[in-house]
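Here the structure comes first, spelled out in structure tokens, and everything after it is commentary.
Numbering (the working numbering), first residue to last: 1426 to 1566.
This is the structure we're talking about:
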């Protein structure tokens, strides 16, 4: 697929912002919360939702990433306090769908397998797991 330079630049900018999002969240609030989603309820919440929306938009532009995009939209639409079950299901399935997208694209598919192998870190530290998984997704794209 031949896309223009401006689209490549936009994609790269979104991926760089997503890569640094955890650090932006922690530095701007001065605290490390239990998960990314908890930052929705801080002063940085609108920026957090904006970045997730940009990532979601980017994913909708790539056919193999559409399932992950739909699930990320679910994460955005259902905040973790008010809709915990739906939010958490969408979040877990988002990472699984992202792993599948990487594996099925066959370019650097080892990164998708790495995501699946590292996912259980979430049982010990959800925030660290999210940092690792989001970093892999952003680096891949």
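Beta carbons are placed, not taken as given, at the ideal position from N, Cα and C, and that holds for glycine.
Cα-Cα separation between residue i and residue j, rounded to whole angstroms
i, j, result
"residue 1535", "residue 1475", "30 Å"
"residue 1426", "residue 1472", "Bear in mind that a pLDDT of 48 at residue 1426, under 50, signals an unreliable position, so the model cannot answer this."
"residue 1530", "residue 1435", "21 Å"
"residue 1485", "residue 1465", "22 Å"
"residue 1561", "residue 1509", "25 Å"
"residue 1512", "residue 1468", "20 Å"
8 Å Cβ shell around residue i - same chain, five flanking residues per side excluded
i, result
"residue 1552", "1447, 1457, 1458, 1459, 1460, 1461"
Close beta carbons around residue i, own chain, < 6 Å, minus the five adjacent residues each side
i, result
"residue 1515", "1496, 1499, 1500"
- State whether the stretch 1500-1519 contacts the stretch 1472-1482, with contact taken as three or more CB pairs (one from each stretch) at a distance under 8 Å. The stretch 1500-1519, when compared against the stretch 1472-1482, does touch it at the 8 Å Cβ threshold.
The stretch 1447-1459 contacting the stretch 1532-1546, beta-carbon criterion three pairs below 8 Å: No, the stretch 1447-1459 does not touch the stretch 1532-1546.
What are the complete alpha helix (DSSP H) segments, minimum 4 residues, inside the stretch 1443-1518? Qualifying alpha helix (DSSP H) stretches, in chain order: 1470-1485, 1491-1502.
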